[in-house]
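Comments concern the structure below.
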Amino acid sequence: MAPGALLLEAQKEYEKESQKADEYLREIKDQKLLPEAVSQCIEAAGYEHEPDTQKSLLRAASFGKCFIDKFPPEGFVRMCQDLRVLNAIRDYQIGIPLTFTQYKRLTIEVLLDRLVLRRLYPLAIRICEYLPRGGAQPVRGRAQTSPLTPFQVQQKDKSDEEVAHAINQKLGDTPGISYSEIAARAYDCGRTELAIKVSWLAPRHGQLGWLGGGHVWWPCTDSPSFCKHQERETLKDLYNQDDNHQELGNFHVHSSYSEKRIEGRVGALQNALDEYYKAKNEFAAKATEDQIKLLRLQRHLQEDFDKPYLDLSLHDTVSNLILDGHHKRAEQLYREFKIPDKRYWWLKISALANRGDWEELEKFSKSKKSPIGYLVRAFLTGGGGQPCPRVGLWGWARPWALLEQPG
């Protein structure tokens, strides 16, 4: 007779208060097979479908454990948990008659998925709550959120705000909730705004990441910075949702640089201008308006003179116009953009000196009083290092003396 069978008989005799219990137990201990007998009873309980037989075998295992020093209890506890789950799903109202072997091969995760697909949500949740956290925590959230996912997300007659509020009221801060799966289902149903709203309900949304396939974003650590590099359009939706006009303006400015055609760039900057006005950021609005004006002028300059002017700064545009001899156009930019006098004079003097156009420089100097004085170095180094021919020998003495003075 197997040691497990002897242990089962010993336990039965013990309940009858018979001395045979001691005889059977001594026989097993003399053969040093008591640990094996306990293990056999535990294993046999798993393959029985009748709860009464299961209880008898587990009682026998528990009886035998009392006579073993330091017998590991994990196997006994795990079998009790597994049998409680198996008996629950084998009930005629559930109708999933899995064997112990099938249950182990299937895994608890797959079993919970099947319960959820059959809409047996209360049982799935109770199993999750019953099983140890280490084994059920990864699937607890899925079992708890699945009742909401197929139905509330697909309610077309309710707004995104109403559905998100209902989900929040139902789930709250329950540990293990996977808001990402609800957001994923919302996205699959074509409700992107709802997916974003649901994602923000997560109590620790900084630990979330990307939906499957990377199609839609939900909050992660430093989420706006993450979206700036990954999902630009989703970032725009997020700013629209929050009415963040300042960031929307910044978004359109950044987007303008990716436009290849000047019309697209101007259009993106115009959108940014509108957002800055809504944000009441007058400085950013003025800067954007000037950039639009400069881009349009640069396009006309490029068409008129067949030279690259686009993407130059205002400073470089004026300087290049002077170097190319287009003084009237430079004056036009000076007036339209209200360039300060000192800055414009410096630009023109430097450009004319670099070009070596001394006659134009003399004419310009006589037009009005210089607000910056005349820079000796411009005369000395202008024209490719050739000094101004109108300056005589004695005229060079004082400037050179000034340049040689320390400090």
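Following this note's numbering, the numbering of the sequence shown begins with 38 at its first residue and continues without gaps.
Where a beta carbon is used, it is the ideal one built from N, C-alpha and C, also for glycine.
Note that the coordinates shown come from a computational prediction; the quantities given were computed from them, not determined experimentally.
Return the residue from the list the options that minimises the CA-CA distance to residue i.
i      : options                        : result
Ser356 : Glu373, Leu95, Arg380          : Arg380
Ile133 : Asp89, Ala201, Ala309, Leu160  : Leu160
Trp367 : Tyr51, Leu62, Ser217, Leu331   : It is Ala, not Trp, that sits at residue 367 in the sequence shown. Comparing Cα positions, the closest option is Leu331.
Lys102 : Asn391, Thr90, Leu70           : Leu70
Gln77  : Ala39, Pro109, Pro377, Thr136  : Ala39
Lys323 : Leu154, Lys375, Arg336         : Lys375
Asn124 : Leu149, Glu85, Arg156          : Glu85
Lys400 : Arg127, Glu373, His364         : His364
Gly362 : Asp378, Arg372, Leu338, Leu349 : Leu338
Glu373 : Lys53, Gln328, Ala388, Asn391  : Gln328
Leu157 : Asp128, Phe137, Thr138         : Asp128
Phe108 : Glu60, Glu319, Pro72           : Pro72
Glu300 : Asp106, Arg336, Tyr216, Glu54  : Arg336
Asn318 : Ile145, Cys226, Leu285, Asp59  : Leu285
Ala47  : Tyr61, Ala321, Ile162          : Tyr61
Glu87  : Ala390, Phe137, Trp395         : Phe137
On the three-state DSSP scale, how would you describe residue i?
i      : result
Ile105 : coil
Trp383 : helix
Phe137 : helix
Gln48  : helix
Asp327 : helix
Asn318 : coil
Arg151 : helix
Phe342 : helix
Met116 : helix
Trp395 : helix
Asn281 : coil
Ile299 : helix
Met38  : coil
Cys226 : coil
Ile131 : coil
Asp348 : coil
Pro88  : helix
Asp197 : helix
Asp361 : coil
Leu95  : helix
Ile376 : coil
Leu370 : helix
Arg142 : helix
Arg156 : coil
Tyr294 : coil
Leu272 : helix
Leu123 : helix
Leu168 : coil
Leu445 : Look at the range of the chain in this structure, 38 to 444, and you will see that residue 445 is not part of it.
Leu446 : What the structure shows of the chain is the stretch from 38 to 444, and residue 446 is not part of that stretch, so it cannot be assessed.
Leu332 : helix
Leu238 : coil
Leu43  : helix
Residue j and residue i - do their beta-carbons sit closer together than 8 angstroms?
i      : j      : result
Leu398 : Ile386 : yes
Leu45  : Leu120 : no
Leu231 : Ala221 : no
His282 : Glu312 : yes
Gly41  : Ala74  : yes
Leu168 : Gln118 : yes
Thr325 : Leu347 : no
Val290 : Ala316 : no
Glu50  : Lys57  : yes
Ala203 : Val235 : no
Phe100 : Lys66  : no
Leu135 : Leu143 : yes
Leu238 : Asn205 : yes
Ala97  : Phe113 : no
How many whole angstroms separate the CB atoms of residue i and residue j, which I take to be in contact at a CB cut-off of 8 angstroms?
i      : j      : result
Ile164 : Val122 : 6 angstroms
Leu334 : Ile359 : Incorrect: roughly 15 angstroms between the Cβ atoms, too far for contact.
Leu275 : Ile233 : 7 angstroms
Tyr140 : Leu152 : Going by Cβ atoms, the distance from Tyr140 to Leu152 rounds to 13 angstroms, so no, they are not a contact pair.
Arg228 : Asp279 : With 8 angstroms as the limit, Arg228 and Asp279 do not qualify as a contact, their Cβ atoms being about 18 angstroms apart.
Sequence ranges, alpha helix (DSSP H) only - wholly within the segment 52 to 83, length at least 4: Considered as a whole, the segment 52 to 83 harbours 57 to 67, 71 to 83 as its complete alpha helix (DSSP H) runs of no fewer than 4 residues, in chain order.
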